[in-house]
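Comments concern the structure below.
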Amino acid sequence: MGVRIRQAGESDRETVVRLLDEAFMHDPVSSWVFPDEAHRRRVHGVFLGVFLEAALAEGRVDMAEDGTAAALWLQVPADPPEEEDDTPARMREIADPDNERAELVGRLTGEAHPTGRAHEYLLLIAVSPERQGEGLGTALLAPALERCDREGLPAYLEASNARSSKLYERLGFAFTDRTVELPDGPTMWPMWREPASGPAGE
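FYI, in my numbering the residues of the sequence shown are 11 to 212.
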């Protein structure tokens, strides 16, 4: 599928936040963090905007030129940072201070995140609801994963539903031996992808 991809910048912030908000509005994890849909519609975009802020500042945001899909990436070093990651606390503080789940989801995924090897971390990938199922996600991820193969870098993500996990499996990701169990909520599946070896990865 021919998808024109470019790297997003600060000027794309509003477009990408709107895309994230729409794509994840009914995602199992978003629905767990914000059970009341009316409240979710008020704060969800602000919540996901913290992820975008991190990717724009410290990583990379790939987006389809027409704004229908975006992938947020971070480069994670082999050694974990000495200071505790304050992102979960900021997510809660900025989006929904009285909601413990807004911080807990980040803490639980952080605890399950592999350490010891540098890797690319796919924070989020979003496709416009009206364009889902057309192969946009695969087209958007393919160049990034090819770059991982060339550079010998693994990639990591957390799948939040069965449908997305199947997409990632087709792209070479495999489940790790640890799930993220959200209290009284859905399961998340951490997935790891080794870089391709041999001619395909050279």
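Don't be surprised by glycine CBs; every beta carbon is placed ideally from N, CA and C.
To the nearest angstrom, how far is the alpha carbon of residue i from that of residue j?
i	j	result
His-49	Leu-58	14 Å
Val-115	Gly-126	22 Å
Gly-120	Pro-38	18 Å
Ala-206	Pro-107	43 Å
Pro-199	Ser-21	Correcting the residue type first, residue 199 is Trp in the shown sequence and not Pro. Cα-Cα distance, rounded: 33 Å.
Leu-132	Tyr-166	6 Å
Arg-141	Arg-23	20 Å
Phe-34	Ala-136	7 Å
Arg-14	Val-43	33 Å
Asp-194	Val-26	30 Å
Phe-185	Ser-40	21 Å
Gly-69	Leu-134	12 Å
Leu-118	Pro-164	21 Å
Pro-209	Glu-144	Low per-residue confidence applies at Pro-209: pLDDT is 40, beneath 50, and the placement is therefore not dependable, though the value from the model is reported in the following sentence. Distance between the alpha carbons of Pro-209 and Glu-144: 29 Å.
Asp-46	Asn-109	12 Å
Ser-138	Arg-188	30 Å
Apply the 10 Å Cβ neighbour rule to residue i and answer buried if 16 or more other Cβ atoms are within range, or exposed otherwise.
i	result
His-54	buried
Pro-153	exposed
Arg-214	Residue 214 cannot be examined here, being either before or after the span of the chain that is shown, 11 to 212.
Arg-111	buried
Gly-147	buried
Ala-74	buried
Ala-67	exposed
Gly-19	exposed
By the DSSP assignment, the alpha helix (DSSP H) with residue i in it spans what residues?
i	result
Pro-87	Counting along the chain, Pro-87 falls outside any alpha helix (DSSP H), and DSSP gives it neither H nor E.
His-54	47–68
Arg-157	146–161
Ala-172	172–180
Leu-118	111–122
Leu-192	Segment: none, Leu-192 is in no alpha helix (DSSP H) and carries neither H nor E.
Arg-23	23–34
Val-39	38–43
Just curious, the beta strand (DSSP E) that residue i is in, first and last residue?
i	result
Pro-200	197–203
Val-137	129–137
Arg-102	Where Arg-102 is concerned, there is no enclosing beta strand (DSSP E), although the alpha helix (DSSP H) it sits in stretches over 97–105.
Mind checking whether residue i and residue j have CB atoms under 8 Å apart?
i	j	result
Phe-183	Arg-160	no
Leu-84	Leu-62	no
Leu-150	Ala-64	no
Gln-17	Asp-72	yes
Val-190	Ala-81	no
Cys-158	Glu-113	no
So, do the segment 83–92 and the segment 125–141 have three or more beta carbon pairs nearer to each other than 8 Å? yes
Just checking, does the segment 95–109 make contact with the segment 166–175 on the three C-beta pairs under 8 Å criterion? Segment contact: the segment 95–109 against the segment 166–175, fewer than three CB-CB distances shorter than 8 Å; contact not assigned.
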